[in-house]
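Note that the sequence shown ends on residue 300 in the working numbering; no numbers are left out. Scroll down for the structure; my scribbles are underneath it.
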Amino acid sequence: MRMLHQFWANMARKSVRMIDRIDASPLVTVEFADSAHHQAARGWLTRLPDQRVSYTDAVSFAVMEVARCATALSFDQDFTLAGFRLWRQGE
């Protein structure tokens, strides 16, 4: 049990460091979802009923659409199903 606690504590520290790097980057803009994004997510879920798209992904699609962001930093193929490109290192 102690090892599991240490594992999650280490993961939390790494996550905080990654968030710090994202926040410090002039190349990244952090967008926060609002009620308009929530409504647009419903549209995405309706348009992709035969796909296993999560609400979280649908909100991301809505935010990206409004921000005119065509490329996602994700390992999730749902973004390509929605018409977005996946970022690949070196592109």
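Using N, Cα and C, we set each Cβ at its ideal position, and we do this for glycine too. Note that the coordinates shown come from a computational prediction; the quantities given were computed from them, not determined experimentally.
Taking a contact to require three or more Cβ pairs closer than 8 angstroms, the region 275-295 and the region 246-258 qualify as touching.
Around the beta carbon of D232, a 10 Å sphere encloses fewer than 16 other beta carbons of the protein chains shown; the residue is thus reported as exposed.
Distance from the CA atom of Q286 to the CA atom of T265, rounded to whole angstroms, is 14 angstroms. Residue V268 holds the alpha-carbon nearest to the alpha-carbon of R251 among V237, V268 and M210. Within the DSSP secondary-structure output, R294 pairs in a beta bridge with T280.
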